[in-house]
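*Asks:*
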Amino acid sequence: MAQHKKVKVAVIGCGTISKIYMENLTTKFSIVDLVGCSDLISERSAARAETFGVKQMTNDEIYDDPEIEVVMNLTFPEAHYEVSKEALMAGKHVCVEKMMTVTMAEATELFCLAQEKNLLFGVAPDTFLGGGWQSARKYVDDGLIGRPISIAAVCTTNYSPNTPLFDVDPDYFFFPLHPGGGVPYDLGGYYLHNMINLLGSVRRVSGFGGNINPDRMYDNPHHPKYKEPFRVETETTIAGALEFENGCVGTILFSSDSSYFDSFSIHGSDGVLELFHPNFYSGDLILKRIESEPAPKFAPPSPPISQGPFVRGVMSEYKLPMLHGYLENNRGIGLADLAYALRNNRKPRVDAELGYHAFEIIHGINESCRTGQVYEMTSRCERPRMIAPAALVATAQEHMLDD
Ligand SMILES: NC(=O)c1ccc[n+]([C@@H]2O[C@H](COP(=O)([O-])OP(=O)(O)OC[C@H]3O[C@@H](n4cnc5c(N)ncnc54)[C@H](O)[C@@H]3O)[C@@H](O)[C@H]2O)c1
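When we follow this note's numbering, the leftmost residue of the sequence shown carries the number 3, and every step to the right adds one.
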């Protein structure tokens, strides 16, 4: 098959994450031709344009350029709606970083707008396309843990103005402390995309928590606002329960109020798979099995890394081999997949259906925290098609996205 015509892309939003995106989009994915970038702060777009050899543009120049087919929206969450809407209205396909928007009403409007205009609309995070997550999906689908029963995620990290994360510049906009930020949105999206990738749609959710710690103080003596009060305007700690359509259940605990901790695991009738932090594209996949239990249909593909006595026999741990490519920091793989979707006339794996469903889960849990009622999900989403396993070397791995 002849090579596809490259898809011309422009980035809007040249902040922190744009560096790795633009590096990957200019070196890693042959389907993408990154041509320009813009930012409200022109020094930022000028610097990125120079580093990556693309054109510094304004948002309007990007919208008006008929050659540009896709806008990669890397603005902070409160600008996602405006920039994605403008780009869709200009007839561009759009890929937006997580989460999709800040409110459910905005998300619904954009979702419908993309459909009306017959444009592709992709939503990050795209880490679930990394080799670690695709391998986890294959092991679970092949029956390595038997029948999946439940999934659990805990992610806590302290987003407070006294952490080193918080810049001493008073004008610095640290989006995790604003609407659509906080761990439930900023990191929660990674866990939810991966839960949906592994287990499919969620039917009902409930939760407790909310913005439990809104009034804080600048307590960095180097900050010009030292000892001034500060108000956090997003949900900070939520505990949620999820009921999947396939009958599995899940729990999440996301907090930007407490110290760092993370854990993620999926539990089946024949074993437990310990997963890794879904902010990353790969990591350790550890299978835990009690050997005295009935032999699984799918034998572990590697010898145990540890074995020890357990109350009902012997507990073994296996470190599972990776079965797919894209193991390193692949920000932009979702956009590359969307570009292949455009050329091959298929649905992107990061289709907005997934981002919208993940967003509604957080929204539903927040609603449940507020009302004390169980929230019935209105959206459904198919599990994104698995990438074919093939640990192809170096640049050949891109072949697996061309399907
Ligand atoms: N920082 C990370 O480590 C990280 C990792 C993964 C994903 N993300 C996601 O990437 C997105 C951006 O995060 P970031 O950390 O780079 O944020 P950032 O605040 O560093 O950068 C956002 C940039 O968008 C620009 N911007 C805002 N509104 C705009 C508009 N209307 N037009 C043009 N430019 C506009 C800002 O001036 C800023 O330079 C967020 O959705 C975030 O969730 C961030």
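Glycine residues also receive a C-beta, built at the ideal position from the N, C-alpha and C atoms. Please read all numbers here as calculations on a predicted model, not as lab measurements.
1) What is the residue span of the alpha helix (DSSP H) that Tyr193 lies within?
2) Who are the Cβ neighbours of Asp217 in its own chain at under 7 Å, not counting the five residues just before and after it?
3) Would you tell me roughly how many angstroms separate the C-alpha atoms of Gly336 and Pro127, rounded to the nearest one?
4) Would a C-beta distance cut-off of 9 Å place Gly242 and Ser271 closer than the cut-off?
5) Go through its chain and collect everything with a Cβ distance to Leu76's Cβ below 8 Å, but skip five positions before and after it.
6) In this structure, does DSSP put Thr253 in helix, strand or coil?
7) With a threshold of 8 Å, establish whether the CB of Pro181 neighbours any heavy atom of ligand 1.
8) Where does Arg139 sit, in a helix, a strand or coil, going by DSSP?
9) Hey, could you find the ends of the alpha helix (DSSP H) Gly366 is sitting in?
10) Just grab the DSSP bridge partners of Gln309 for me.
11) For Leu287, which option in Gly252, Leu325, Gly315 and Asp259 has the closest C-alpha, if you only look at C-alpha atoms?
12) Got a sec, what are the start and stop residues for the alpha helix (DSSP H) Gly336 sits in?
13) Using three-state DSSP, classify Leu131 as helix, strand or coil.
14) Do you know whose CA, among Arg314, Phe312, Val313 and Ser318, lies nearest Ala301's CA?
15) Taking only the alpha-carbon atoms, compute the straight-line gap between Pro79 and Pro391 and give it to the nearest angstrom.
16) Any idea which residues DSSP pairs Lys10 with across the strands?
17) Residues in the same chain with beta-carbon distance under 7 Å from His180, minus the five sequence neighbours each way, listed in chain order, please.
18) Provide the residue span of the beta strand (DSSP E) that contains His269, from first to last.
19) Hey, out of Pro323, Ser47 and His279, whose CA is closest to Ser304's CA?
20) Any idea if Met91 is buried or exposed, counting beta-carbon neighbours within 10 angstroms, 16 or more meaning buried?
21) Does the structure place the stretch 37-51 close enough to the stretch 335-350 that three or more beta carbon pairs sit under 8 Å?
22) Leaving out the 5 sequence neighbours to the left and right, which residues in its chain are closer than 7 Å to Glu369 when beta-carbon positions are compared?
23) Using 8 Å as the Cβ pair cut-off and three pairs as the minimum, do the stretch 184-191 and the stretch 246-261 touch?
24) Cutting at 7 Å between CB atoms, please list the residues of its own chain near Gly148, excluding the five before and the five after it.
25) Quick one: what's got a C-beta closer than 7 Å to His399's C-beta in the same chain, skipping five residues either side?
26) For Lys227, count neighbouring C-beta atoms within 10 Å of its own C-beta (all shown protein chains included) and say buried if the count is 16 or more, exposed if not.
27) So is Gly366 buried or exposed if we call it buried at 16+ other beta carbons inside 10 Å?
28) Taking only heavy atoms of ligand 1 into account, decide whether any of them is closer than 8 Å to the Cβ of Lys100.
29) In three-state terms, what does DSSP make of Asp405?
30) Taking 9 Å as the cut-off, decide whether the C-beta atoms of Asp264 and Tyr342 are in contact.
31) For my contact list, Val34 and Leu27 are in at a C-beta cut-off of 8 Å; report their separation, rounded to the angstrom.
32) On a CA-only basis, which of Gly145, Leu289, Asn213 and His195 is nearest Pro178? Give me that one, please.
33) According to DSSP, simplified to helix, strand and coil, what is His224?
34) Could you give the DSSP three-state label for Gly124: helix, strand or coil?
35) Any idea if Gln136 is buried or exposed, counting beta-carbon neighbours within 10 angstroms, 16 or more meaning buried?
36) DSSP three-state call for Pro150: helix, strand or coil?
*Replies:* If we stick to the structure as given:
1) In the sequence shown, residue 193 corresponds to position 191, counting from 1. Start and end: Gly190 to Leu201.
2) As a first step, residue 217 is located in the sequence shown; it is residue number 215 there, counting from the start. Within the same chain, Asp217 has close Cβ partners Pro231 and Arg233.
3) Here residue 336 corresponds to residue number 334 of the sequence shown, with the count starting at 1. Here residue 127 corresponds to residue number 125 of the sequence shown, with the count starting at 1. Roughly 8 Å between the two C-alpha positions.
4) The residue given as residue 242 occupies position 240 in the sequence shown. The residue given as residue 271 occupies position 269 in the sequence shown. No, the Cβ-Cβ distance between Gly242 and Ser271 is not below 9 Å.
5) On the sequence shown, position 74 is the one that residue 76 refers to. Val13, Ile14, Gly15, Cys16, Gly17, Ile19, Ser20, Tyr23 and Glu99.
6) The count along the sequence shown starts at 1 and reaches residue 253 at position 251. The answer is strand: DSSP assigns Thr253 an E or B state.
7) For the purposes of this step, residue 181 is identified with residue 179 of the sequence shown, where counting begins at 1. No; taking the cut-off as 8 Å, the Cβ of Pro181 has no heavy atom of ligand 1 nearer than that.
8) Along the sequence shown, read from residue 1 onward, the residue named residue 139 stands at position 137. Of the three classes helix, strand and coil, the one that applies to Arg139 here is helix, per DSSP.
9) Translated into the one-based positions of the sequence shown, residue 366 becomes position 364. It spans Ala354 to Thr373 - the alpha helix (DSSP H) in which Gly366 sits, taken as one unbroken run.
10) To locate residue 309, count along the sequence shown from 1; it is residue 307. Its beta-bridge partners are Ser318.
11) The sequence position of residue 287 within the sequence shown is 285, counting from 1. Minimum Cα distance to Leu287 is reached at Leu325.
12) If you number the sequence shown from 1, residue 336 lands on position 334. Annotation for Gly336: the continuous alpha helix (DSSP H) segment containing it runs Ile335 to Asn346.
13) Mapped onto the sequence shown, residue 131 falls at position 129. If DSSP states are grouped into helix, strand and coil, Leu131 belongs with the helices.
14) As a working mapping, residue 301 is identified with position 299 in the sequence shown. Selected option, being the one with the closest Cα: Ser318.
15) Numbered from 1 along the sequence shown, position 77 holds the residue referred to as residue 79. Numbered from 1 along the sequence shown, position 389 holds the residue referred to as residue 391. Taking the straight line from one Cα to the other gives about 33 Å.
16) If you number the sequence shown from 1, residue 10 lands on position 8. Paired residues: Asp35.
17) Here residue 180 corresponds to residue number 178 of the sequence shown, with the count starting at 1. Result list for His180: Glu80, Glu235 and Thr236, in chain order.
18) By 1-based counting over the sequence shown, the position of residue 269 is 267. Counting along the chain, the beta strand (DSSP E) containing His269 begins and ends at Phe263 to Gly270.
19) Within the sequence shown, the letter at position 302 stands for residue 304. Out of Pro323, Ser47 and His279, Pro323 has the C-alpha closest to the C-alpha of Ser304.
20) Taking the first residue of the sequence shown as position 1, residue 91 is located at position 89. With fewer than 16 Cβ atoms within 10 Å of its Cβ, Met91 is classed as exposed.
21) The stretch 335-350 is not in contact with the stretch 37-51.
22) For the purposes of this step, residue 369 is taken as the residue at position 367 of the sequence shown. Excluding sequence neighbours, Glu369 sits near Tyr377.
23) yes
24) Position 146 of the sequence shown holds residue 148. Only Gly270, Ser271, Asp272, Gly273 and Pro298 meet the Cβ criterion.
25) Position 397 of the sequence shown, counted from the start, is the residue given in the question as residue 399. A quick correction: the sequence has Gln, not His, at residue 399. Correct list, in chain order: Gly327 and Tyr328.
26) The residue labelled residue 227 in the question sits at position 225 within the sequence shown. By the 10 Å Cβ count, Lys227 comes out exposed.
27) Indexing the sequence shown from 1 puts residue 366 at position 364. The residue in question, Gly366, is buried, as its Cβ has 16 or more Cβ neighbours within 10 Å.
28) In the sequence shown, counting from the first residue as 1, residue 100 sits at position 98. At a cut-off of 8 Å, the beta-carbon of Lys100 counts as near ligand 1: some heavy atom of the ligand is closer than that.
29) Position 403 of the sequence shown holds residue 405. In this structure, Asp405 counts as coil in the three-state DSSP scheme.
30) Walking along the sequence shown from the start, residue 264 turns up at place 262. Walking along the sequence shown from the start, residue 342 turns up at place 340. It is not a contact, given that the beta carbons lie outside the stated cut-off.
31) Within the sequence shown, numbered from 1, the residue matching residue 34 stands at position 32. Within the sequence shown, numbered from 1, the residue matching residue 27 stands at position 25. About 5 Å; that satisfies the 8 Å criterion.
32) Within the sequence shown, residue 178 is the residue found at index 176, counting from 1. Among Gly145, Leu289, Asn213 and His195, the Cα nearest to that of Pro178 is on Asn213.
33) In the sequence shown, residue 224 corresponds to position 222, counting from 1. Residue state, collapsed to three classes: coil.
34) On the sequence shown, position 122 is the one that residue 124 refers to. Three-state DSSP puts Gly124 in a strand.
35) Here residue 136 is taken as the residue at index 134 of the sequence shown, counted from 1. With 16 or more Cβ atoms within 10 Å of its Cβ, Gln136 is classed as buried.
36) Against the sequence shown, residue 150 aligns to sequence position 148. Strand.
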